[in-house]
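Novice: Sequence positions in the sequence shown follow our numbering and run 35 to 234.
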Amino acid sequence: MITLGITGRSGCGKSTVTAVFAAKGVPLADADQISREILLPGSPLLPRLAQRFGADILHPDGSLDRRLLADRAFATPEGKAALDGMTHPEILGRIRAAKQQAAQEGHRLFVLDGAVIVGTAAQQECDRLCVVTAPFATSVARIVARDGISPEMAARRLNAQTPEQTLTQNADYILCNDGALEQLQAAAAALCTELLTEGV
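(1) Does Ser173 pass the burial test, meaning 16 or more other C-beta atoms within 10 Å, or should it be called exposed?
(2) Could you confirm whether any beta carbon from chain D is found closer than 7 Å to the beta carbon of Leu218?
(3) If you pair each beta-carbon of the stretch 217-227 with each one of the stretch 174-181, do three or more pairs fall below 8 Å?
(4) Reducing DSSP to helix, strand and coil, say where Arg82 ends up.
(5) Can you check which of these residues, Ala137, Ala149 and Leu74, is closest to Glu124 by C-alpha distance?
(6) Please report how far the alpha carbon of Asp118 lies from the alpha carbon of Leu126, in whole angstroms.
(7) At what residues does the beta strand (DSSP E) containing Ala63 begin and finish?
(8) Please name the residue, chosen from Ile129, Val150 and Gly42, that lies closest to Cys164 on a Cα-to-Cα basis.
(9) Are the Cβ atoms of Phe87 and Leu62 separated by less than 7 Å?
(10) For Gly39, which residues does DSSP report across the bridge?
(11) Can you name the residues that DSSP bridges to Cys210?
(12) Is Leu291 near Ser44, with beta carbons less than 7 Å apart?
(13) From Thr154 to Glu198, what does the alpha carbon distance come to, in whole angstroms?
(14) On a CA-only basis, which of Asp105, Ala168, Ala116 and His122 is nearest Leu215? Give me that one, please.
(15) Quick one: residues in its chain with C-beta nearer than 7 Å to the C-beta of Thr52, no 5 flanking neighbours on either side, listed in chain order?
(16) Starting from Thr227, trace the alpha helix (DSSP H) in both directions and tell me its first and last residue.
(17) Quick one: Cα of Ala132 to Cα of Arg82, how far?
(18) Out of Ala156, Gly233, Arg190 and Arg101, point me to the one whose CA is closest to Asp64's CA.
(19) Mind checking whether Leu79 and Ile68 have CB atoms under 7 Å apart?
(20) Under 6 Å Cβ to Cβ from Ala107, same chain only, skipping five residues before and after it: list those, please.
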């Protein structure tokens with residue numbers, strides 16, 4: 035089974051690409067969704083986070099005050115390292131479980147969808163990497179439309195992410211989203227078919 039990581043910066047059209055793979059029956063793990071799930075009420079991770087960053091990061095109903103956690107965790111390099119040290123193994127564990135299940139079910143291809151794969155332990159879980167790129171102005175416009183924020187805010191968010199050049203240097207495949215939506219979908223479908231039929 036081939037594990038393909040699909041990544042890209044905000045507003046690049048990554049979710050359009052993963053939707054094409056999902057529509058073809060390819061099982062996938064969404065790293066961004068998993069990172070949210072492990073912080074939901076009832077997660078065994080929450081008491082450990084509360085112990086490290088203060089009991090008041092948990093609301094009375096057991097839910098997490100994400101902003102307060104972020105403020106404390108990102109205040110120092112040690113705090114960020116502690117947060118990563120607790121959350122990353124949980125995320126990886128769930129990714130591996132999903133991969134294992136897909137392999138047991140006899141799938142030829144598995145997709146790991148994540149905004150942050152390059153330079154993290156998640157990259158080691160991928161056999162190959164597909165990077166979705168888009169012109170800066172296009173991405174800014176998409177983020178503005180999607181999140182209802184100002185273009186300045188959208189541009190700041192993009193500039194804070196991993197540079198596109200760093201992503202493409204690590205890529206086995208690059209899907210450039212600089213045309214119509216149908217073009218990107220067609221390119222994604224072609225890549226999916228190529229990977230599914232590889233070695234058959």
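Glycine included, every Cβ here is placed at the ideal spot set by N, Cα and C.
Specialist: Reading off the structure:
(1) As a first step, residue 173 is located in the sequence shown; it is residue number 139 there, counting from the start. Buried: at least 16 other Cβ atoms inside 10 Å.
(2) No chain D appears in this structure, which consists of one protein chain only.
(3) no
(4) For the purposes of this step, residue 82 is identified with residue 48 of the sequence shown, where counting begins at 1. Reduced to three states, the DSSP call for Arg82 is helix.
(5) Translated into the one-based positions of the sequence shown, residue 124 becomes position 90. It is Leu74 whose Cα lies nearest to the Cα of Glu124.
(6) The residue labelled residue 118 in the question sits at position 84 within the sequence shown. The residue labelled residue 126 in the question sits at position 92 within the sequence shown. Their backbone Cα atoms lie some 11 Å apart in a straight line.
(7) As a working mapping, residue 63 is identified with position 29 in the sequence shown. From DSSP, the beta strand (DSSP E) with Ala63 extends over Leu62 to Asp64.
(8) In the sequence shown, the residue the question calls residue 164 occupies position 130. It is Gly42 whose Cα lies nearest to the Cα of Cys164.
(9) Counting from one through the sequence shown, the residue named residue 87 turns up at place 53. Counting from one through the sequence shown, the residue named residue 62 turns up at place 28. No, these two residues do not count as a Cβ contact at 7 Å.
(10) For the purposes of this step, residue 39 is taken as the residue at position 5 of the sequence shown. In DSSP, Gly39 forms a bridge with Leu146 and Leu163.
(11) Walking along the sequence shown from the start, residue 210 turns up at place 176. Answer by DSSP bridge pairing, in chain order: Thr167.
(12) Nothing can be reported for residue 291: it is not among the residues displayed for the chain, which extend from 35 to 234.
(13) In the sequence shown, counting from the first residue as 1, residue 154 sits at position 120. In the sequence shown, counting from the first residue as 1, residue 198 sits at position 164. Spanning the two alpha carbons is a distance of roughly 16 Å.
(14) For this step, residue 215 is matched to residue 181 along the sequence shown. For Leu215, the nearest C-alpha among the options comes from Ala168.
(15) Here residue 52 refers to the residue found at position 18 when the sequence shown is read from its first residue. Counting only Cβ-Cβ distances below 7 Å, and skipping sequence neighbours, we find Ile40, Leu62, Val145 and Asp147.
(16) For the purposes of this step, residue 227 is identified with residue 193 of the sequence shown, where counting begins at 1. Start and end: Leu215 to Thr231.
(17) If you number the sequence shown from 1, residue 132 lands on position 98. If you number the sequence shown from 1, residue 82 lands on position 48. Approximately 24 Å, taken between the alpha carbons.
(18) Your numbering for residue 64 matches position 30 in the sequence shown. Checked all of Ala156, Gly233, Arg190 and Arg101; the closest Cα to Asp64 is Ala156.
(19) Within the sequence shown, numbered from 1, the residue matching residue 79 stands at position 45. Within the sequence shown, numbered from 1, the residue matching residue 68 stands at position 34. Leu79 places its beta carbon 7 Å or farther from that of Ile68.
(20) Here residue 107 refers to the residue found at position 73 of the sequence shown. Shown here for Ala107: same chain residues with a beta carbon closer than 6 Å to its own, the five before and five after excluded, namely Gly113, Lys114 and Leu117 in chain order.
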